[in-house]
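Just so you know, the protein sequences line up as chains A and B, in that order.
Residue numbers for the first sequence follow my numbering, so the first one is -10 and each next one is one higher.
Residue numbers for the second sequence follow my numbering, so the first one is 70 and each next one is one higher.
Where is the CB? At the ideal position from N, CA and C, for every residue including glycine.
These notes are about the structure you will find just below.
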Amino acid sequence: NAGVTQTPKFQVLKTGQSMTLQCAQDMNHNSMYWYRQDPGMGLRLIYYSASEGTTDKGEVPNGYNVSRLNKREFSLRLESAAPSQTSVYFCASSEGPGRSYNEQFFGPGTRLTVL
Amino acid sequence: GQQLNQSPQSMFIQEGEDVSMNCTSSSIFNTWLWYKQEPGEGPVLLIALYKAGELTSNGRLTAQFGITRKDSFLNISASIPSDVGIYFCAGHIFSGTYKYIFGTGTRLKVLA
């Protein structure tokens, strides 16, 4: 049981390049989330998917797109990377709507640098 | 964006001392979560709280869900060097969506 996995672990991009961050969970969770973490700040929600087939904007969605590919996978895409998107990106999952317990579990993160 | 007020921002303590940290919000939460993050890793869930007034322990860690539902506390007893890390609180608001609001973290350093 791997929990939440993310790829890649590290990435360096040039300004304007695009890339997709991958996330998968094997806990049969309905809800999945993408956060970014910047030095000295807490986790800020980029996008989330309450259940398969739905996605919604979080606090800082500009410059990002997401795809909930199936119940297991939730990807984050940067279409044209900017230096301001240099950050550590975390994917998370939780049981989701209608569940009594709202524990959220995190992946190991992707460290992205945009030059 | 909306964030929780978490204090203290950082703590330097001697091994064996007890530690207390807290989070406060202007919003009412229905769940409080406490996480620990070590360098280069993702946050790891320590304790989850679901009811106002609830007190839950996980080894040397004890957390409480404030009775106003706007705050939570985490205590670590008899700290050890491996307690070093950043501790985050997170509040869950049910408003038809499933969003979590995170504190800015308490950085804990334990001096042996």
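The beta strand (DSSP E) enclosing residue i, as first and last residue numbers
i              : result
L118 (chain B) : V113 to L118
L2 (chain A)   : F(-1) to L2
K139 (chain B) : Here K139 (chain B) belongs to no beta strand (DSSP E), and DSSP marks it neither H nor E.
M106 (chain A) : The shown model of chain A, from -10 to 104, leaves out residue 106 (chain A), and the question about it has no answer.
M30 (chain A)  : Counting along the chain, M30 (chain A) falls outside any beta strand (DSSP E), and DSSP gives it neither H nor E.
K105 (chain B) : T100 to Q106
F79 (chain B)  : Reading off the sequence, residue 79 (chain B) comes out as Ser, not Phe. S79 to Q83 is the span of the beta strand (DSSP E), which, as asked, contains S79 (chain B).
Q74 (chain A)  : Careful: Q74 (chain A) lies outside any beta strand (DSSP E) and carries neither H nor E.
V49 (chain A)  : Per DSSP, V49 (chain A) belongs to no beta strand (DSSP E) and is neither H nor E.
Strand pairing of residue i, partner residues [DSSP]
i              : result
I170 (chain B) : B:G160
M90 (chain B)  : B:L143
I149 (chain B) : Answer is none; I149 (chain B) lacks a bridge partner.
S38 (chain A)  : A:M21
K178 (chain B) : B:F81
CA-to-CA distance, residue j to residue i, given in whole angstroms
i               : j              : result
E107 (chain B)  : F63 (chain A)  : 24 angstroms
N19 (chain A)   : M30 (chain A)  : 27 angstroms
A117 (chain B)  : Y156 (chain B) : 13 angstroms
G122 (chain B)  : N99 (chain B)  : 12 angstroms
L180 (chain B)  : C92 (chain B)  : 24 angstroms
D87 (chain B)   : R138 (chain B) : 24 angstroms
S96 (chain B)   : S89 (chain B)  : 22 angstroms
G47 (chain A)   : S148 (chain B) : 36 angstroms
A132 (chain B)  : V77 (chain A)  : 27 angstroms
F95 (chain A)   : R129 (chain B) : 22 angstroms
S76 (chain B)   : C158 (chain B) : 10 angstroms
K178 (chain B)  : G42 (chain A)  : 43 angstroms
T175 (chain B)  : M80 (chain B)  : 7 angstroms
G160 (chain B)  : L65 (chain A)  : 24 angstroms
L143 (chain B)  : K120 (chain B) : 15 angstroms
P(-3) (chain A) : L114 (chain B) : 23 angstroms
Residue j beta carbon less than 7 angstroms from that of residue i
i              : j              : result
A39 (chain A)  : D15 (chain A)  : no
T118 (chain A) : R57 (chain A)  : Summary: the structure shown does not reach residue 118 (chain A), with chain A confined to residues -10 through 104, and so no result is reported for it.
W101 (chain B) : S141 (chain B) : yes
V55 (chain A)  : Y36 (chain A)  : yes
Any non-hydrogen atom of the ligand ATP closer than 6 angstroms to residue i Cβ
i               : result
Q(-5) (chain A) : Although the ligand ATP was asked about, the structure shown includes no ligands whatsoever.
Selection of the stretch 1 to 16 of chain A by Cβ proximity to chain B, strictly under 9 angstroms: none
Contact residues within the stretch 103 to 127 of chain B, judged by C-beta distance below 9 angstroms to chain A: Y104, Q106, G109, E110, G111, P112, V113, L114, A117 and Y119
Contacting positions in the stretch 146 to 160 of chain B - beta carbon closer than 8 angstroms to chain A: F157 and A159
Residues from the stretch 28 to 48 of chain A in contact with chain B, defined by Cβ distance under 8 angstroms: G29, M30, G31, L32, R33, L34, Y37, A39, D45, G47 and E48
Contacting positions in the stretch 90 to 104 of chain A - beta carbon closer than 9 angstroms to chain B: Y90, N91, E92, Q93, F94, F95, G96, P97, G98 and R100
Where the stretch 73 to 88 of chain A meets chain B: residues whose CB sits under 7 angstroms from a CB there: F79, S83, G85 and P86
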